[in-house]
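What follows is a short report on a single structure.
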Amino acid sequence: MIADPICSMFIAVLIIVSIIPLMKDSLGVLMQRSPSSLDYTLPTSLQRVYELEGVVQMHDAHFWTLCTGTYYGTLTLDVMAGTDTRRTLAAARNILIQAGLTHVTIELNQMD
1 MIADPICSMF
11 IAVLIIVSII
21 PLMKDSLGVL
31 MQRSPSSLDY
41 TLPTSLQRVY
51 ELEGVVQMHD
61 AHFWTLCTGT
71 YYGTLTLDVM
81 AGTDTRRTLA
91 AARNILIQAG
101 LTHVTIELNQ
111 MD
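Counted the way the UniProt record's numbering counts, the sequence shown spans residues 1 to 112.
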């Protein structure tokens, strides 16, 4: 008689423990948190983008995930006048894709 409630409690604890990672991931997606899997590669990649030829300033960098394994990012770069914007845009995009982003939008502003 006592075994039934004990087994029920044990199963309930197992279910709760097993859904904690799922809830954590779901909450991160809903809050549009920066992906934790990019915590180590993203700062280095952003530094590489900042060091590209002609880049004066980098701002409005936002990175998030909509589902596990799909990472989005937006970034604004201010570049010097006369900079080859297509080349800078392609280089910055490649750096961020190599860092693990799947969708990247980069806005370039030419400084006068």
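Ideal placement from N, C-alpha and C gives every residue a C-beta, glycine not left out.
Under 9 angstroms between C-beta atoms of Thr65 and Val29: yes
Which of helix, strand or coil DSSP assigns to Tyr71: strand
Counted within 10 angstroms of its Cβ, other Cβ atoms place Phe10 as buried (16 or more) or exposed: exposed
Outcome for Ser45 when other beta-carbon atoms lying within 10 angstroms are tallied against a minimum of 16: buried
Neighbour-count burial assignment, Leu77, 16 or more Cβ in a 10 Å radius: buried
Cβ-Cβ separation, Val56 to Ala92 (assumed contact under 8 angstroms), whole Å: Between Val56 and Ala92 the Cβ distance is about 13 angstroms, and since that is not below 8 angstroms, they are no contact.
Ala12 (DSSP reduced to helix, strand or coil): helix
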